[in-house]
Amino acid sequence: MKNSSHKKQLILLLLIIFTIFLIPISIWLGYYKISIIDIIRIIFMSDGSPISTIIWDLRFRRILAAIIIGAILGGAGTAIQATMRNPLASPFTFGLSFAASLGVAIALLILQGGLIQRYQIYVYNPFIIAICAFIFSLIQVLIILLLAYKAGLSAGSLVLSAIAISFAYQAILYLLQYFYLNEILVSTVVFWTFGDLGRISWEELKLVSIVSIVLIIPYFIYKSIDYDLILGGDELAKSSGISPERLRIETTIIAALGTALATSFVGVIGFVCLVAPHIARLLVGGGHRYLMPTSMIMGSIILMLSDTIGRTIISPTIIPVGIMTSLLGVPILVYLLIKSGRYGYRD
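Residue numbers (our numbering): 5 to 351.
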């Protein structure tokens, strides 16, 4: 047991080191070539030069956003999979991302929260967009909880129902785009749904970071033991003094908040919340003491790698990170589900 813990700690440490190692590599890669010496110099002493602007305002901001948002999505996916005891449960499959995107569309189209100009979205009031995204995510949370407790759906049926509802959100979104007469605003919504880390501003990133560091990440880490217990069944959780219903509600709301923040500022990013927990589970097993932080770090790594590949593979054209995570995530997820069937949760 002691050796097993040391092994998991070592894996966690190596992943942290790998994440830190990826940061200068990601800064270095790009259409505009910057030497490693210049990167090190500007990191420690910014001089306001064009190279400094590229490093801090373009590349480093994207990297920091990938680390924070990736950690949110990885942690949220792990938490929801535990509370629902289903390896396919996540903010993405539960429709939280699509509900949030519908909220963003309403904020952009009806409340005029932003506008696209020359392939760049200018947000007039990011807080309106974030609030609308969170409200619609909460509506989806309410629907999920009603299906779970009132309709009595099983974990597998709940995921399928949530996916079906996601298509309804997409249909409403398509209807808004189809009938709305302002082509510029419609283009803004379409471009938003691609998922792009480059559009988040420093102020928005500061808000996401504060909420994540103060609330979302500590909550998921703090509840790690509870997630282990609820995996053993509701009766085991109750005998340990844990309310399964309350834990599910709290976890889903916190996951909705994280998903809404991510979607409102960078767009829809799929599969990170699904893939990261499965990779982490293969590395450190199912105990959430190590699984939760490992999933968060894996989420950061996946999102950082996806964004770096997306902006360098056909440079100077940048492929939005939401597209890259889907392209990379689908085959990886299928492979992991087949490979990890031996430890998958049973409905």
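All C-beta atoms, glycine included, are put in the ideal place defined by N, C-alpha and C.
### Query
Lys-154: buried (16+ other C-beta within 10 angstroms of its C-beta) or exposed?
With fewer than 16 Cβ atoms within 10 Å of its Cβ, Lys-154 is classed as exposed.
### Task
Could you name the residues of the same chain whose beta carbon sits closer than 7 Å to that of Arg-3, not counting the 5 residues immediately before and after it, in chain order?
Since the displayed the chain opens at 5 and closes at 351, residue 3 lies outside it and no answer follows.
### Query
So Trp-206 is in the alpha helix (DSSP H); what residue range does that whole segment cover?
Run containing Trp-206: 206 to 215, per the alpha helix (DSSP H) assignment.
### Query
Do Ile-73 and Val-270 have their C-beta atoms closer together than 9 Å?
A Cβ-Cβ contact shorter than 9 Å links Ile-73 with Val-270.
### Query
When the Cβ atoms of the stretch 32 to 48 are set against those of the stretch 222 to 242, are three or more pairs found closer than 8 Å?
Remark: fewer than three beta-carbon pairs, one from each stretch, lie closer than 8 Å, so the stretch 32 to 48 and the stretch 222 to 242 are not flagged as touching.
### Query
How is Met-88 classed by DSSP in three states: helix, strand or coil?
Secondary structure at Met-88: helix, using DSSP grouped into helix, strand and coil.
### Distance CB(Leu-162)-CB(Leu-151) smaller than 9 Å
For Leu-162 and Leu-151, yes; Cβs fall inside 9 Å.
### Query
Between which two residues does the alpha helix (DSSP H) carrying Tyr-226 extend?
Under the DSSP assignment, Tyr-226 falls in the alpha helix (DSSP H) whose first and last residues are 221 to 226.
### Thr-255 versus Ile-167 - alpha carbon distance
Rounded to the nearest angstrom, the two C-alpha atoms are 19 Å apart.
### Backbone CA spacing between Ile-139 and Met-308 [nearest angstrom]
Those two C-alpha atoms are separated by around 28 Å.
### Query
Taking Cβ positions, are Arg-252 and Leu-149 nearer each other than 9 Å?
Result yes, Cβ atoms of Arg-252 and Leu-149 sit closer than 9 Å.
### Query
Around the C-beta of Trp-196, are 16 or more other C-beta atoms found within 10 angstroms, so that it is buried, or is it exposed?
Answer is buried; the Cβ neighbour count reaches 16.
#### Entry: Simplified DSSP assignment, three categories, for Asp-311
Helix at Asp-311.
### Cβ-based neighbour list, Thr-23, same chain, cut-off 8 Å, excluding 5 preceding and 5 following
Correct list, in chain order: Ile-71, Ile-301, Ser-304, Ile-305, Met-308.
#### Entry: Meets three-Cβ-pair contact criterion under 8 Å: the stretch 97 to 110 and the stretch 226 to 243
With a cut-off of 8 Å, the stretch 226 to 243 and the stretch 97 to 110 do not count as touching, because too few Cβ pairs lie within range.
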